[in-house]
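What follows is a short report on a single structure.
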Amino acid sequence: SEQYLMHVDPSNQVLAVTTFGGEYCPWIEGTIMPVVWKRMWGAGKVFYSSLGHVAKDFEVPEVRKIVERGMLWASK
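Heads up, the sequence shown is in the working numbering, so the first residue is 2 and it goes up one at a time.
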């Protein structure tokens, strides 16, 4: 799966991170970037995951479980 470099609001509760390897972009080697986070937004809830670039990625049980749990949390 692709890794995304992004600005992240410090009020997000980070649930999972990735470390950039630098194979394609040597200048970001070792950068730790959130890939799953959650937060409250007013009276609502926000869940974000950058996991899963293609449908096959969701065949990984751990990825599917993270997304399922995030959606359940956000829907309550």
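Glycine included, every Cβ here is placed at the ideal spot set by N, Cα and C.
Since the model is a prediction, treat every value here as computed from it, not as a measurement.
Only residues of its own chain outside the window of five on either side were considered, and among them ASP10, SER12, ASN13, GLN14, LYS46, VAL47 have a CB closer than 8 Å to the CB of ARG40, listed in chain order. Closest option to ILE33, judged by alpha-carbon separation, among VAL18, HIS8, ALA44, GLU24: VAL18. If you compare the alpha carbons of VAL64, PRO62, LYS57, VAL36 with that of SER51, the shortest gap goes to VAL36. Between the beta-carbon of TRP42 and that of LEU16 there is about 16 Å, and that puts the pair past the 8 Å contact cut. Within the region 7-59, complete alpha helix (DSSP H) segments of at least 4 residues are not found at all.
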